[in-house]
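Sequence order for the protein chains is A and B. Residues in the first sequence are numbered from 1 upward in steps of one, following the numbering used here. Residues in the second sequence are numbered from 191 upward in steps of one, following the numbering used here. Structure first, commentary second.
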Amino acid sequence: MSAVDFLFWVFAVLSVGGGLSMVFSKHPVSAAMFMIVSLVAIAALFVLLDAFFLAVLQVLVYAGAVMVLFLFIIMLLDVGPNAAKQKIVHWKVGILGLLSSISLVFVLFLLGGEAGYIWSPDSESPWPDPKLGVSSAEDILPFSTNVSSFGYGLMTKYMLPVQISGFMLLAAMIGVIILSKKSDPRENDS
Amino acid sequence: MFDWLPQNVWFSVGLKVFFALMMIGAVMTMAGYSVLAERKVSAWMQGRVGPNRTALPFIDYIPIIGPFLRKLGIFQPLADGLKFLFKEEIVPGHVNKFYYYLAPLVALVPALTTMTVLPFGQMYWPDGTTSILALADLEVGILFVFAVSSLGVYGIALAGWSSNNKYSFLGGIRSSAQMISYELAMGLSLLPVFLWVAVPGAQESGLSISGIANSQEGAAWLFLVQPVSALVFLIALFAETNRLPFDMPESETDLVGGFHTEYGSFKFGIFFVAEYAHIVIGSAIFTLLFLGGWHFLPFMNDPWPANWIGTLLGVGWFLAKTVFLIFFFIWIRWTLPRFRYDQVMHLGWTKLLPLALANLIVYVIIVTLIDQSNSTPF
């Protein structure tokens, strides 16, 4: 087992363990902390894949900004240790949840096995085939972890998805403004 | 880089650990002496003397030098550190013990982690090649600094929350709100810098700190080219390091001690050191990004020879700029009064953020025009 393999197992256990602890921890602040552990461990897994830019963005956006907001809200609402204590889950809901998670794992294994990642130990490259779903040779973007190649890909091949997700974010932002804006009482008088 | 050394994994790992320990030693020493500088500079500005009593037993008896060092307060950081170590450790009964102990560590670790990507000089090898002096010269170095330093807020927020004290809690809440608000302006203020450095045809990668520093060699320093970016970044830096006039989390006039009200002895010492380590590293980052790093003066090539003397002079010049910026931090602290909390939020969201956005748009247009005319910038 090489050092990289060892580190992979360390961070894999940290990320999955952090996620599970987040779900099962009683206190909301502990849950948020475990989620940060999980997110940072995933960033470390990105580093092991040589995707430094993705790793840094993962920490910057999720651990550094989104989770600060989470923690801010949890602290501001002052939810005590009992807030996360659930009612007893109905057995039908439990069975449905179990079934759906089993089928998710099944589908993942099926897809991974078909692409040759899981069952064939001699498949060296974890990267998807760059020719996958590409009609002409010009469309192939070479694999690179260089930052500018991310920008190039986003602004050329993936321009439409970028614009669509930007539009959806804009819609979400307008929705938040409408939901959180208190209506002016003077408007109702007139 | 170290081809002449025996190629052994454990040896290279040991060498890295040794370099890392040296870096920690350097930054922590600077942090400790920043505390002394703060006390001395504030005393100087208020017409006082400042710490001038601490003495080591033997050095104090050396004629002339001993009393001189004593009056400078050189040994004060040592005495302060020992005092933190030997004070009684008091843990209030109403705190959440686990997070109460965790918080100072969470505050210190990001401050020390950012220094791994901090370049501090340029090594001139005898065969004419150069390499960057840094523990790890990442291609995305500046983003790494942002990412890791944004984790520092958890220390303050957790300290405020776990203390179970209204004042501490308000300090923690203010800190998280302030960090989120100013991180946006900070990131946006740097985008024009990346654009400028990575202008089409440029040699350096726009996201690497050493690349940005080297792009200023013999050319305009970036604060001359991008004064608005430098100003917004500097203000956001003050806010992110919780320095006055932005020290909302601990403002002692309305929150007793803010997030560290319930902390004493060594745990308080860790918060204290973390704050000054942030100042040291923030000053170094500003020097590298806007003040030319280890390069001499704007529009001038480095006057020092390209050998080991040049290496040392470059590092020294970089340290001199950094120390000046630390002095600038202290200078501002003892000159400006503290903002009110609503003023801080107002400044961040309605002044700095639109300013940074407008600045970005202006520089996008300028860089596009330069690109169109195919001329090289300055």
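Glycine included, C-beta positions come from ideal geometry on N, C-alpha and C.
Nearest CB-CB separation between serine 419 of chain B and chain A: not below the 8 Å threshold.
Neighbourhood of glycine 362 of chain B in chain A, by CB distance below 8 Å: Met75, in chain order.
For leucine 333 of chain B, the C-beta contacts it makes with chain A under 8 Å involve Phe53, Val56, Leu57 and Leu60, in order along the chain. Given a length threshold of 3 residues, each whole run of the beta strand (DSSP E) inside the stretch 289-362 of chain B is given here in chain order: 311-314 and 320-323. Listed in chain order, the positions of the stretch 365-381 of chain B with a beta carbon within less than 8 Å of a beta carbon of chain A are Ser366, Ala367, Met369, Ile370 and Glu373.
By the neighbour-count criterion, in which a residue is buried when 16 or more other Cβ atoms sit within 10 angstroms of its Cβ, lysine 230 of chain B is buried. In the displayed model, methionine 33 of chain A falls within a helix according to three-state DSSP.
Against chain B, a Cβ distance below 7 Å from glycine 64 of chain A picks out Ala337, Ser340 and Leu341. Cβ neighbours of proline 294 of chain B within its own chain (closer than 6 Å, five residues either side excluded): Lys457, Ile460 and Phe461.
At least one beta carbon of chain B lies nearer than 8 Å to the beta carbon of leucine 71 of chain A.
Tryptophan 351 of chain B reaches chain A at Val29 and Met75, counting residues in chain order whose Cβ is nearer than 7 Å. The C-alpha of alanine 233 of chain B lies about 43 Å from the C-alpha of valine 552 of chain B. When only Cα atoms are considered, tryptophan 315 of chain B and isoleucine 322 of chain B end up about 11 Å apart. Residues of chain A whose Cβ lies closer than 9 Å to the Cβ of alanine 347 of chain B are, in chain order, Val68, Leu71, Phe72 and Met75. Residues of chain A with a Cβ closer than 7 Å to the Cβ of leucine 515 of chain B do not exist; the shortest Cβ-Cβ separation is about 24 Å.
At least one beta carbon of chain A lies nearer than 8 Å to the beta carbon of leucine 397 of chain B. Between the alpha carbons of asparagine 242 of chain B and lysine 273 of chain B lies a gap of roughly 17 Å. Rounded to whole angstroms, the separation of the alpha carbons of phenylalanine 310 of chain B and valine 217 of chain B is 11 Å. Sequence-distant partners of leucine 154 of chain A (beyond 5 residues in either direction) whose C-beta falls short of 7 Å from its own C-beta, in its chain, are Val162. A distance below 6 Å between beta-carbons, with the five flanking residues on each side excluded, links threonine 512 of chain B to the following residues of its chain, in chain order: Ser473, Ala474 and Thr477. DSSP places methionine 213 of chain B within a helical segment (H, G or I) once states are collapsed to three. With contact defined as three or more Cβ pairs closer than 8 Å, the stretch 530-547 of chain B and the stretch 247-264 of chain B are not in contact. Close CB contacts of alanine 269 of chain B within its chain, under the 8 Å cut and outside five residues either way in sequence, are with Thr244 (chain order). Separation of the CB atoms of proline 488 of chain B and alanine 410 of chain B is rounded to 5 Å, and the pair is thereby assigned contact status at 8 Å. With three or more CB-CB distances shorter than 8 Å, the stretch 295-302 of chain B counts as touching the stretch 333-343 of chain B.
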